[in-house]
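Quick notes on the structure that follows.
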Amino acid sequence: MATSIKEWSKLEQWLQRYSWEILPHPAHSPDLAPSDFHWFGPLKRRLGGMAFETEDDLISELRNWFDNLDVDFFRVGINSQLSRWLKCIDLHGDYVEK
701 MATSIKEWSK LEQWLQRYSW EILPHPAHSP DLAPSDFHWF GPLKRRLGGM
751 AFETEDDLIS ELRNWFDNLD VDFFRVGINS QLSRWLKCID LHGDYVEK
């Protein structure tokens with residue numbers, strides 16, 4: 701996320717270079733909640749019941765988990781977000797039952 705004018709300018713240039721469009725995000729859309737993204741559930745199950753003595757231990761576990769995920773895991777997650785975006789756009793931001 702761009703946090704300064706300089707960073708935003710770089711982001712805009714990158715988006716233009718690849719012809720990406722920034723879509724408006726409907727306020728309070730439960731269909732596009734970041735917390736519902738594909739890997740939150742599996743990550744929660746993975747870390748459930750674990751205790752970490754240090755932040756570095758947690759970071760190490762997270763890196764290990766992400767490094768060992770198959771590329772298809774991410775492909776499914778990205779595609780599910782895309783379909784949810786399209787449903788939301790088609791309904792002009794109205795709620796979409798999953």
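If you want the working numbering, it's the 1-based position in the sequence shown plus 700. All C-beta atoms in this analysis are idealised placements derived from N, C-alpha and C, irrespective of residue type, glycine included. From a predicted model like this one, the values you see are computed outputs, not experimental measurements.
Please report the Cβ distance between Phe-752 and Gly-777, rounded to the nearest whole angstrom; I am assuming they are in contact, meaning their Cβ atoms lie under 8 Å.
-> Walking along the sequence shown from the start, residue 752 turns up at place 52. Walking along the sequence shown from the start, residue 777 turns up at place 77. Not quite, the Cβ-Cβ distance comes to about 25 Å (not below 8 Å), so this is no contact.
Between the segment 761–768 and the segment 739–753, do three or more beta carbon pairs fall short of 8 Å?
-> yes
Do you know offhand how far Leu-747's Cα is from Asp-790's?
-> Position 47 of the sequence shown, counted from the first residue, corresponds to residue 747. Position 90 of the sequence shown, counted from the first residue, corresponds to residue 790. Going from the Cα of Leu-747 to the Cα of Asp-790 covers about 36 Å.
Can you tell me whether DSSP reads Gly-749 as helix, strand or coil?
-> If you number the sequence shown from 1, residue 749 lands on position 49. Coil at Gly-749, not helix or strand.
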